[in-house]
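Visitor: There's a structure below that I have some questions on.
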Amino acid sequence: MKRLTGIAASSGIGIGPAWVIASEELAIREFPIAPERADDEVAFFDRALESARKDLRSIRSGIAAELGEDEAAIYEAHLMILDDPELRKAVEDGIRVRNRNAGIVFRDFMTSIAARLERVEDEYLRERRADLLDVERRVLRYLVGGGQRGLALPDQPSVLVAHDVGPSEVALLDRQRVLGLVTEVGGRTSHSAIVARGRGIPAVVGVKNVTQQLRNGDVIVVDGFRGEVVTSPDEDALGHSRSRRDRLDQATLELAALRDLPAVTRDGHKIELGVNIELPGEVEQVLECGADSVGLYRTEFFYLDRAELPSEEEQFRAYRTVVERIRPRPVIFRTMDLGGDKVASYLGATHETNPFLGYRGIRLALHHPEMFRAQIRAIYRASAYGKARIMFPMISTFEELESAMGLCREVANELARTGVPFDRELPVGMMIETPSAVWVADWMAREAQFLSIGTNDLIQYTLAIDRDNPELGDLYQPLHPSVLRSIRHTVEGARASGRWTGVCGEMAGDPRQAVLLVGLGIDELSVPCIDLPRVKAAIRSVTREQAGAIACAALALPSATAIENHLREHLDPLLPAAVLASGSAG
Amino acid sequence: MVEADLVVLNESGLHVRTCGKFVHVAGRFKSEIFVRHGDFEVNGKSILGLIGLAAESGSVLHLRVSGPDEQEAVNALKELIDSRFGGMD
């Protein structure tokens, strides 16, 4: 038995025999082509190119629809490779002049180009070999194999284990015969992971060397909640996984029934329950899971993993797509939260001994006014097409809020002057993530139209605990009384000016803590899609009065341990089994 | 024939997508376009040729263009490279 960890890419638990897809063998034999057969061989190559073109076009349009035109641009370049005049000429010459078969000439040509990239120091350029290899294999499949790679599964339902699986391949899998998916590469936002979630296939990605540790038929457990894979589990582990799966399946069914019902307490108090997203393509999940809004749209995606700034136009197009799709539900755009662990190379790498206390969030944005203005303009312009809200991250002083609000007013005036449409009522708010912002929340709420508490950072800054340091895990306590009191203080500050307060950190996604937040007077929660059903079920199981009484008592307790015991005693009995049974923690 | 030296300004150099843009622009002209970088000279309308140049940021590309619209072609390609491929990356 072996436990391997990866990234939880699609929730659910799959248990069954492994079906390992070996790294693709595209062995090409070399053989001579007689001059009288040359025409046929050239035609054979042209057909292979045309088939590969068809595949690429359909992948291109699929990605464009799911993730937007910019993400699809790479496939445009792949298509241009297939149309390359030198490639076509080299292959035809090889066949006619040197009497070699198409496959071998084609592979040699592609290899010679890739070999030139080996010489460069530049990591980014060298990585482009992967693009060449991808195109090469796509054509070779038609020259030596049976066309598109078919991921044929055995009749017995199995867990598919592969180095990598393309999004189009996940889309074509027979859902009845695939119990789960495990890959060696990829991330939560890789295209394949998104498709797996859409099709409800439990998936764990990024499990290193997993294909070498399994043979066909070995039993494997894929835990898409925890991001864990267990190979050849012993009786105990297998029994445990099976009962966990059955419990979760049952819970999932019960929770799915709540999808179209509101997040309302038993006595009719409505909470706005939104979800957090990062990619424009994730909007479909928002609609699927029955959310009221997008409570946190992280926009860093536009700034990371690229060499230059995103343009206002590019951002406008993406933001517009999101607000249009989510309409009439609102979308809260959090402006660029760079710095800390999210570094964009073109901003100049500055070494900081303490990056989380350094140049990040609004501090960095206000130092790059042109970049910041372009983003705010893009959001304002998108607001004409749906319901947008803006909030600023990492505010620690009132002056920062004033500067950022001033920039928004300037942008609004500019757009009004030039006749560009936008929502003149667009609400502008801020995040509460620093203790300093907590203590002046009343002042902040006079300027900001809403407050949204980012609990991850607030806990880290309040408790002086690095949340990424595994040694300190026990000290990272969401239930620490100082955290709860900070939240309560923020709510009171907001209410003094008639503003609402939301929470968009991990606390909101924990059903028990979510009830506690409602009790503390929070009006809006934004959670990962995967957590939404349980949070909704928890809110629907209590009255506002019960939640308030539980929170009020918690505020008077001395420690996280005491508060945890208090919740266990007074809150858990009110919650349905489905809420307590499941989830990433259970 | 018109010749020109162009400096690759964008940070990530001539990679797959930027080469695609180059070929896209080059393909609009009738003239023959050759691009040299170091020891290699390639057809400016061949994306694979350009990718194989492995031109990093800061590289100098030597352009050799001949044909009826040679000057326009050089101007258009110079504009593309100077604009860092239209801010692509």
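Protein chains in written order, with our numbering: chain A, 41 to 626; chain B, 49 to 137.
Every residue, glycine too, gets a C-beta built ideally from N, C-alpha and C.
Remember, it's a predicted structure, so these values are computed and weren't measured experimentally.
(1) Checking contacts by CB at 8 Å: is GLU127 (chain B) closer than that to chain A?
(2) Tell me the DSSP secondary structure of GLY436 (chain A) in three-state form.
(3) Within 10 angstroms of the Cβ of GLU127 (chain B), are there 16 or more other Cβ atoms? Answer buried if so, exposed if not.
(4) Return the CA-CA distance between ASN58 (chain B) and HIS280 (chain A), expressed in angstroms with no decimal places.
(5) Excluding the 5 residues preceding and the 5 following VAL55 (chain B) in the sequence, name in chain order all residues of the same chain whose CB lies nearer than 6 Å to its CB.
(6) Please confirm if the region 70 to 87 of chain A is in contact with the region 126 to 144 of chain A, defined as three or more CB-CB distances below 8 Å between the two stretches.
(7) May I have the straight-line CA-CA distance separating ASP53 (chain B) from ALA103 (chain B), to the nearest angstrom?
(8) Note down, in chain order, every chain B residue with its Cβ under 9 Å from the Cβ of PRO125 (chain A).
(9) According to the neighbour-count rule (16 or more other Cβ atoms, all chains shown, within 10 Å of its Cβ), is GLN489 (chain A) buried or exposed?
(10) Beta-carbon within less than 6 Å of ALA31 (chain A)'s beta-carbon, same chain only, minus the 5 sequence neighbours each way: which residues are those?
(11) If the cut-off is 7 Å on Cβ atoms, which residues from the region 98 to 120 of chain A count as contacting chain B, listed in chain order?
(12) At least one CB of chain B closer than 8 Å to the CB of VAL160 (chain A): is that the case?
(13) Within 10 angstroms of the Cβ of GLY61 (chain B), are there 16 or more other Cβ atoms? Answer buried if so, exposed if not.
(14) Measure the alpha-carbon distance for VAL269 (chain A) versus ALA130 (chain A) and round it to whole angstroms.
(15) Spatial neighbours of ASP463 (chain A) within its chain, please: C-beta separation below 6 Å, excluding the five flanking residues on both sides.
(16) How about VAL64 (chain B): is its C-beta nearer than 8 Å to some C-beta of chain A?
(17) List the endpoints of the continuous beta strand (DSSP E) containing THR271 (chain A).
(18) Checking 8 Å against the spacing of the C-beta atoms, do VAL244 (chain A) and ALA49 (chain A) come in under that value?
(19) Does any CB atom of chain B fall closer than 8 Å to the CB of GLN415 (chain A)?
(20) VAL60 (chain A) and LEU254 (chain A): beta carbons closer than 8 Å?
(21) How big is the Cα-Cα spacing for ASP124 (chain A) and GLU354 (chain A)?
(22) Find the residues of chain B that neighbour ARG178 (chain A), judging by a C-beta separation of less than 8 Å, and give them in chain order.
(23) When DSSP labels each residue in this structure, what does SER51 (chain A) get in the three-state scheme?
(24) Give every residue of the same chain whose Cβ lies closer than 8 Å to the Cβ of ALA625 (chain A), excluding the five residues on either side of it in the sequence, and list them in chain order.
(25) Using C-beta distances below 8 Å, list every residue in its chain close to LEU503 (chain A), excluding the 5 sequence neighbours before and after it, in chain order.
(26) Find the nearest neighbour of ARG374 (chain A) within the set A:GLY264, A:ASN394, A:PHE341, judged by alpha-carbon distance.
(27) Got a sec, what are the start and stop residues for the alpha helix (DSSP H) THR151 (chain A) sits in?
(28) Measure how close the beta-carbons of LEU111 (chain B) and ILE153 (chain A) come, nearest whole angstrom, since I'm counting them as under 8 Å.
(29) Of the residues that make up the region 131 to 162 of chain A, which ones have a beta carbon closer than 9 Å to any beta carbon in chain B?
(30) Residues of chain B with a CB under 9 Å from the CB of ASP174 (chain A): which are they?
(31) Tell me, please, whether the CB atom of ASP171 (chain A) is closer than 8 Å to any CB atom in chain B?
(32) What does the alpha-carbon distance come out to for the pair LEU466 (chain A) and ARG413 (chain A)?
(33) Taking the C-alpha atoms as reference points, what is the distance between GLY623 (chain A) and LEU288 (chain A)?
(34) What is the C-beta distance between VAL250 (chain A) and GLU209 (chain A), in whole angstroms, given that I count them as a contact (C-beta under 8 Å)?
(35) With DSSP as the reference, identify every bridge partner of LEU565 (chain A), one or two as the case may be.
(36) What does the Cβ neighbour count give for VAL582 (chain A), buried or exposed, with the cut at 16 atoms within 10 Å?
Guide: On the basis of the coordinates in this document:
(1) no
(2) Just to set this straight, residue 436 (chain A) is Ser in the shown sequence, not Gly. DSSP places SER436 (chain A) in the coil class of the three-state scheme, outside both helix and strand.
(3) exposed
(4) 54 Å
(5) VAL108
(6) yes
(7) 13 Å
(8) ASN91, LYS93, SER94
(9) buried
(10) Absent from the structure is residue 31 (chain A), since the part of chain A shown begins at 41 and ends at 626.
(11) ALA113, ILE114, GLU116, ALA117, MET120
(12) yes
(13) Buried, because 16 or more other Cβ atoms sit within 10 Å of the Cβ of GLY61 (chain B).
(14) Distance between the alpha carbons of VAL269 (chain A) and ALA130 (chain A) is about 46 Å.
(15) Residues of the same chain with a CB within less than 6 Å of the CB of ASP463 (chain A), apart from the 5 flanking positions on each side, are SER423 in chain order.
(16) yes
(17) First-last of the beta strand (DSSP E) with THR271 (chain A): 268 to 271.
(18) yes
(19) no
(20) yes
(21) 28 Å
(22) Against chain B, the beta carbon of ARG178 (chain A) has no neighbour under 8 Å; the closest one sits roughly 14 Å away.
(23) coil
(24) Interpretation of ALA625 (chain A) is limited by its pLDDT of 40, a score under 50 that renders its predicted location unreliable; the figure taken from the coordinates is listed afterwards. Closer than 8 Å at Cβ, skipping near neighbours: ASP550.
(25) LEU515, TYR516, GLN517, HIS520, SER522, VAL523
(26) A:PHE341
(27) 142 to 158
(28) The pair is not a contact, with the Cβ atoms about 20 Å apart (cut-off 8 Å).
(29) PHE149, MET150, SER152, ILE153, ALA154, ALA155, ARG156, LEU157, GLU158, ARG159, VAL160, GLU161, ASP162
(30) Chain B residues near ASP174 (chain A): none, gap ~10 Å exceeds 9 Å.
(31) yes
(32) 16 Å
(33) Interpretation of GLY623 (chain A) is limited by its pLDDT of 47, a score under 50 that renders its predicted location unreliable; the figure taken from the coordinates is listed afterwards. Straight-line Cα distance between these residues: approximately 8 Å.
(34) With a beta-carbon spacing of about 17 Å, VAL250 (chain A) and GLU209 (chain A) fall beyond the 8 Å limit used to define contacts.
(35) In DSSP, LEU565 (chain A) forms a bridge with A:LEU313, A:VAL543.
(36) buried
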